[in-house]
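Inspection log for the structure reproduced underneath, given as structure tokens.
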Amino acid sequence: MLRLAMTTDAETFERVADPLAERGVEVGYVQADERTVALGDGRPAEFEGFDVGFVYPSRLPEGGVIDALLGVPWVNDREAVLRSRHKGEALARLARAGVPVPDSVVVSNPASDADLREAFERFDPPVVVKPNSTTRGTGITKVHDVDSLLGVTDYLALVHDYRATGDKSFLVQEYLPEARDYRAMVVDGACVGAVERRLPEGARAAGQWKHNVHRGAVAEGVSLPDELRAVAEDAAAALGVDYLGVDLLVTDDRVVVGETNARPTVDDETKYDPGFYDDLAALIRSRAE
């Protein structure tokens, strides 16, 4: 049986372990962070016997250590994770490949007030200010006027002034208030299902607008039309990532790729196309060969 090293023990691990075992893939957990790892005496036994990894650890320095000790190929290696992780780079790659993306400005601090005002004036307010590297909606805010934008960016400048902060950039992006929010899953080039993320009516009435599940939204399985599946597949092809969550924002007259995630949570199997785990197992086996 093929042995798969997973670097998460959260929801994805619990959901995939049994279905993959039924398809000849034994799943084991390898802890990548919040631990100690002794080096210098060969490879510790816990890293022995694996054939493939899934997915490269989110903390890249620790990931490099785990990668070296495992010595296996990955479904989504370090480079794949990096291409998706930084929102500005991902959107730039997608736009160059002709994949539709929101109108966005990448800001590299320090930036002058004049440049920030010019960025704001590209859009009809409000605008979304989005950190370049966070997940789960962390740090994303909506601002309605330029003074508020400058106030938000003042706080970002304080964070970026700390010398150990590696990423000193953020995005200013158009706001699509009526857009429907979908997370499409692409496995080995093919869209294999999607969920629509919706806020409960009470949350919307209270002013919530972020559709992240970790912020209270509900993810419901949906059947995407072919044209939306094609956009998700084009995004994965443009980034060269074989296992990718693609966030689609859809209005009455537009569809754009808002973000991508090379470490997506696997949802309940019922929310994907029949054969989802067959496709995932086949991708894992292809990496190990």
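Residue numbers (UniProt numbering): 1 to 289. All C-beta atoms in this analysis are idealised placements derived from N, C-alpha and C, irrespective of residue type, glycine included.
Nearest CA to the CA of Val-231: which residue from Val-101, Glu-89 and Gly-63? Working through the sequence shown from its first residue, we reach residue 231 at position 231. Considering only alpha carbons, the answer is Val-101.
In the DSSP assignment, find the alpha helix (DSSP H) that holds Ala-38 and state where it starts and stops. The count along the sequence shown starts at 1 and reaches residue 38 at position 38. That residue, Ala-38, is in no alpha helix (DSSP H); it is neither H nor E in DSSP.
My parser needs the beta strand (DSSP E) runs of 3 or more residues fully inside the region 122-170; what are they? Taken in chain order, the unbroken stretches of beta strand (DSSP E) that lie wholly in the region 122-170 and span 3 residues or more are 127-131 and 141-143.
State the DSSP-derived secondary structure class of Asp-51, mapped to helix, strand or coil. The residue you call residue 51 lines up with position 51 of the sequence shown. In this structure, Asp-51 counts as coil in the three-state DSSP scheme.
Do the region 72-92 and the region 262-273 make contact, defined as three or more Cβ pairs closer than 8 angstroms? Using a C-beta cut-off of 8 angstroms, the region 72-92 makes contact with the region 262-273, since at least three inter-stretch Cβ pairs fall below that distance.
Evaluate Tyr-277 with the Cβ neighbour count: other Cβ atoms within 10 Å of its Cβ, from every protein chain shown; 16 or more gives buried, anything less gives exposed. On the sequence shown, position 277 is the one that residue 277 refers to. The residue in question, Tyr-277, is buried, as its Cβ has 16 or more Cβ neighbours within 10 Å.
According to DSSP, which residues form a beta bridge with Gln-173? By one-based count along the sequence shown, residue 173 stands at place 173. The bridge partners DSSP lists for Gln-173 are Ser-104 and Val-128.
Ser-112, buried or exposed, once every other Cβ within 10 Å from all chains shown has been counted against 16: Along the sequence shown, read from residue 1 onward, the residue named residue 112 stands at position 112. Exposed.
Starting from Thr-260, follow its DSSP beta bridges and name the residues at the other end. Mapped onto the sequence shown, residue 260 falls at position 260. Beta-bridge partners assigned by DSSP to Thr-260: Val-246.
Going along the chain, which residues of its own chain have a beta-carbon closer than 8 angstroms to the beta-carbon of Pro-61, five neighbours each way excluded? On the sequence shown, position 61 is the one that residue 61 refers to. Taken in chain order, the list of residues that qualify is empty.
At the level of alpha carbons, what is the spacing between Glu-118 and Val-256? Position 118 of the sequence shown, counting from 1, holds the residue named residue 118. Position 256 of the sequence shown, counting from 1, holds the residue named residue 256. Approximately 23 angstroms, taken between the alpha carbons.
Going by other Cβ atoms of all chains shown within 10 Å of its Cβ, with 16 needed for buried, is Tyr-155 buried or exposed? Your numbering for residue 155 matches position 155 in the sequence shown. Exposed, since its Cβ has fewer than 16 Cβ neighbours within 10 Å.
From the DSSP output, in three-state form, read off Glu-11 for me. For the purposes of this step, residue 11 is taken as the residue at position 11 of the sequence shown. In this structure, Glu-11 counts as helix in the three-state DSSP scheme.
Identify, in the order they occur along the chain, each residue of the same chain with its Cβ nearer than 7 angstroms to the Cβ of Val-37, setting aside the five sequence neighbours on each side. Numbered from 1 along the sequence shown, position 37 holds the residue referred to as residue 37. So the qualifying residues of the chain are Val-65.
Burial state of Leu-18, where buried means 16 or more other Cβ atoms lie within 10 Å: Numbered from 1 along the sequence shown, position 18 holds the residue referred to as residue 18. Note on identity: in this sequence residue 18 is Asp, with Leu being the wrong assignment. With fewer than 16 other Cβ atoms within 10 Å, it is exposed.
Which term fits Met-1, buried or exposed, when burial requires 16 or more other beta carbons within 10 angstroms of its beta carbon? For this step, residue 1 is matched to residue 1 along the sequence shown. Looking at its Cβ environment, which holds fewer than 16 other Cβ atoms inside 10 Å, Met-1 is exposed.
Cβ pair Ala-90, Ser-84 closer than 8 angstroms: Translated into the one-based positions of the sequence shown, residue 90 becomes position 90. Translated into the one-based positions of the sequence shown, residue 84 becomes position 84. Inclusion of Ala-90 and Ser-84 in the CB contact set at 8 angstroms is warranted, their separation being smaller than that value.
Check whether the region 114-132 and the region 150-170 are in contact - that is, three or more C-beta pairs closer than 8 angstroms. Flag = yes, the region 114-132 and the region 150-170 touch.
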